[in-house]
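Peer 1: Quick one: the structure is below, and I'll ask about it shortly.
Below is the structure:
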């Protein structure tokens, strides 16, 4: 025992004290990274408590003293010049140096699977990869970690865009960044933290949900499930053990494997670490990058919340608001993709939770500044929840950034949006924002007449409607079956047949003129 102790002491003495608390940085910082132009970029990491850390970058020097928990951080002065390469170094008892650092435009790419879907899964991946010789585009991916404990760091590194690296990166994120890079002529950094199937509440800090007067029901629902975790887990494990024993006996007797194997989806451990639990993604995926200098965020999510679309009216803007507060960069631009068309096309009007979710997304533009919606009601596939036309999706997002954030002249970004209605005998006449030049501002696709409209009377029973364009750009809608119409809907279905575009090529935003209670009005 004495020899063991002496050997242990010798090993400890041989290790440099600096190795116990070496200066380290969050993995948002590394070779090939992009720092946001024109802002005070935060740089942070760990060191020994009380250790002084010096950070140098682009001719400036900043110092910080590590707190009792070892954390430290500095803010760099804004750098106005795009480009590089620069070197960023942090020095305490040891030195850490990152090379090939660029100053450019940095965007977060978040959401569920349609944002996660890679270049390899989009249209023409062979052509896209072959052309991806764009070294001034850089990207980093944050792994999927579901937890209630806020993570300080993550396992990931920045990569330079090339035919060899781009295939596994977010298709929408890459195509968006490529459009910005080619239009603005500046470096672009992309942070992909999307998680397929994720619910919006998983992206929100748990304690903030708990104090919201409406959304606290989400927190309370999870509290109830968490309180039953041990009981449910024991029951699941008991059933699994019983099935395994039965399978072992069947194998020994030469019989087929028995039925009734518990589904892994029933394992509550998966739910606790999953992408639906409130706060899980915020703590495990978002927290390590919050504070890194960005210009804005793009978002493609909603499918997992469609069954609670009315709740999304509160949840989605609340999520955006809390992100902005936590990042500390003011009302940074936040642009999202409205849900595409999906599922079976139906000839007759029907209620739709997907239509209600689209409506909730559209409403968020009025609720918050510096937001915008890319309408893609024409880009989906009925048989596939993951449409492959990611290039077109990304272009509609990029239009928002280029027109609104970067003020590039001559670029249209806003889809036509329902404004008001008035009755004209047995017809309803609709007016719209973001359509110019009267009738000439519209471009019905495929046929000359507007299609995709339904109309209802006081009985609230919608029927297919006829429609025509007026010279002033308004659209009149009617049906011989409805003598006294009170409401009109357009593209109000999971997978509507509709055809209205502005002459800029942007589709009319799905809408309804009524506020009749929808199918998700009471869903929590």
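Residue numbers (my numbering): 2 to 525.
No residue lacks a Cβ here, since even glycine has one placed at the ideal position from N, Cα and C.
Fair warning: this is a prediction, and the values are worked out from it, not measured in the lab.
Under the three-state reduction of DSSP, which class applies to residue 425: helix, strand or coil?
Peer 2: Strand at residue 425.
Peer 1: Note down, in chain order, each residue of its chain lying with its Cβ closer than 6 angstroms to the Cβ of residue 327, except the 5 sequence neighbours on either side.
Peer 2: Within the same chain, residue 327 has close Cβ partners 291.
Peer 1: Under 7 angstroms Cβ to Cβ from residue 119, same chain only, skipping five residues before and after it: list those, please.
Peer 2: Here the set comprises 168, 169, 170, 171, 172.
Peer 1: Going by C-alpha distance, which of 506, 150, 495 is nearest residue 382?
Peer 2: Answer by Cα proximity: 495.
Peer 1: Using three-state DSSP, classify residue 306 as helix, strand or coil.
Peer 2: Here residue 306 sits in helix by DSSP.
Peer 1: Looking at residue 350: is its Cβ nearer than 9 angstroms to the Cβ of residue 479?
Peer 2: Not closer than 9 angstroms, so no.
Peer 1: Which residue from 354, 205, 277, 466 puts its Cα closest to that of residue 151?
Peer 2: Minimum Cα distance to residue 151 is reached at 205.
Peer 1: Quick check: residue 240 and residue 263, are their CB atoms within less than 9 angstroms of each other?
Peer 2: Yes, these two residues count as a Cβ contact at 9 angstroms.
Peer 1: With a threshold of 7 angstroms on Cβ separation, who are the neighbours of residue 234 within its own chain once the five nearest residues in sequence on each side are excluded?
Peer 2: Correct list, in chain order: 269, 270.
Peer 1: Between the C-alpha atoms of residue 246 and residue 265, what's the straight-line distance to the nearest angstrom?
Peer 2: Taking the straight line from one Cα to the other gives about 17 angstroms.
Peer 1: Reducing DSSP to helix, strand and coil, say where residue 353 ends up.
Peer 2: Here residue 353 sits in coil by DSSP.
Peer 1: State buried or exposed for residue 38, treating a residue as buried only when at least 16 other CB atoms are found within 10 Å of its CB.
Peer 2: Buried, because 16 or more other Cβ atoms sit within 10 Å of the Cβ of residue 38.
Peer 1: With 16 other CB atoms within 10 Å as the buried threshold, where does residue 521 fall?
Peer 2: Classification of residue 521: buried, given that the 10 Å Cβ count is 16 or more.
Peer 1: With residue 393 as the anchor, note down where its alpha helix (DSSP H) starts and where it stops.
Peer 2: Its alpha helix (DSSP H) spans residues 391-401.
Peer 1: How about residue 337 and residue 307: do their beta carbons lie closer than 9 angstroms?
Peer 2: No.
Peer 1: For residue 525 and residue 105, what's the separation of their Cα atoms in angstroms?
Peer 2: Each residue's alpha carbon lies about 42 angstroms from the other.
Peer 1: Where does residue 106 fall in DSSP's three states?
Peer 2: Strand.
Peer 1: Let me know the secondary structure DSSP gives residue 510 once reduced to three states.
Peer 2: Correct three-state label for residue 510: coil.
Peer 1: Would residue 69 and residue 47 be called neighbours here (beta carbons separated by less than 9 angstroms)?
Peer 2: No, the pair does not count as a contact, with Cβ atoms beyond the cut-off.
Peer 1: What is the C-beta distance between residue 358 and residue 303, in whole angstroms, given that I count them as a contact (C-beta under 8 angstroms)?
Peer 2: The pair is a contact, with the Cβ atoms about 5 angstroms apart (cut-off 8 angstroms).
Peer 1: Going along the chain, which residues of its own chain have a beta-carbon closer than 6 angstroms to the beta-carbon of residue 4, five neighbours each way excluded?
Peer 2: With a pLDDT of only 42 at residue 4, under 50, the local geometry of the prediction cannot be trusted, and the value read off the model is given with reservation. Within the same chain, residue 4 has no close Cβ partners at all.
Peer 1: Quick check on residue 428: buried or exposed, where buried means 16 or more other Cβ atoms within 10 Å of its Cβ?
Peer 2: So residue 428 ends up on the buried side.
Peer 1: On the criterion of 16 or more Cβ atoms from any shown chain inside 10 Å, does residue 498 qualify as buried, or is it exposed?
Peer 2: By the neighbour-count rule (16 or more Cβ atoms within 10 Å), residue 498 is not buried but exposed.
Peer 1: Please tell me whether residue 432 and residue 441 are closer than 9 angstroms, where the distance is taken between their beta carbons.
Peer 2: Not in contact: residue 432 and residue 441 (Cβ atoms no closer than 9 angstroms).
Peer 1: Can you tell me whether residue 435 is helix, strand or coil according to DSSP?
Peer 2: Coil.
Peer 1: So residue 285 packs on residue 148, CB below 8 angstroms; how close in whole Å?
Peer 2: Indeed, because the Cβ distance is near 4 angstroms, the residues count as touching under 8 angstroms.
Peer 1: So, using beta-carbon positions, are residue 244 and residue 255 closer together than 9 angstroms?
Peer 2: Not in contact: residue 244 and residue 255 (Cβ atoms no closer than 9 angstroms).
Peer 1: Quick check: residue 99 and residue 30, are their CB atoms within less than 9 angstroms of each other?
Peer 2: Cβ atoms of residue 99 and residue 30: closer than 9 angstroms.
Peer 1: Taking the beta carbon of residue 335 as the centre, do at least 16 other beta carbons fall within 10 Å, making it buried, or is it exposed?
Peer 2: It counts as buried.
Peer 1: Using the Cα positions of residue 527 and residue 322, report the straight-line distance between them to the nearest angstrom.
Peer 2: Because the chain here runs from 2 to 525, residue 527 falls outside it and cannot be looked at.
Peer 1: At what residues does the beta strand (DSSP E) containing residue 242 begin and finish?
Peer 2: Run containing residue 242: none in the beta strand (DSSP E); it sits in the alpha helix (DSSP H), 230-253.
Peer 1: For residue 513 versus residue 482, is the C-beta spacing smaller than 9 angstroms?
Peer 2: No, these two residues do not count as a Cβ contact at 9 angstroms.
Peer 1: Are the Cβ atoms of residue 417 and residue 456 separated by less than 9 angstroms?
Peer 2: Taking 9 angstroms as the Cβ cut-off, residue 417 and residue 456 do not qualify as a contacting pair.
Peer 1: Below 7 angstroms CB to CB, which residues in the same chain sit around residue 374 once its five sequence neighbours on both sides are set aside?
Peer 2: Excluding sequence neighbours, residue 374 sits near 337, 339, 362, 363, 366.
Peer 1: For residue 282 and residue 203, which I take to be in contact (beta-carbon distance under 8 angstroms), what is that distance rounded to the nearest angstrom?
Peer 2: Right, the Cβ-Cβ distance comes to about 4 angstroms (below 8 angstroms), so this counts as a contact.
Peer 1: To the nearest angstrom, how far is it from the Cα of residue 125 to the Cα of residue 390?
Peer 2: If you take the alpha carbons of residue 125 and residue 390, they lie about 9 angstroms apart.
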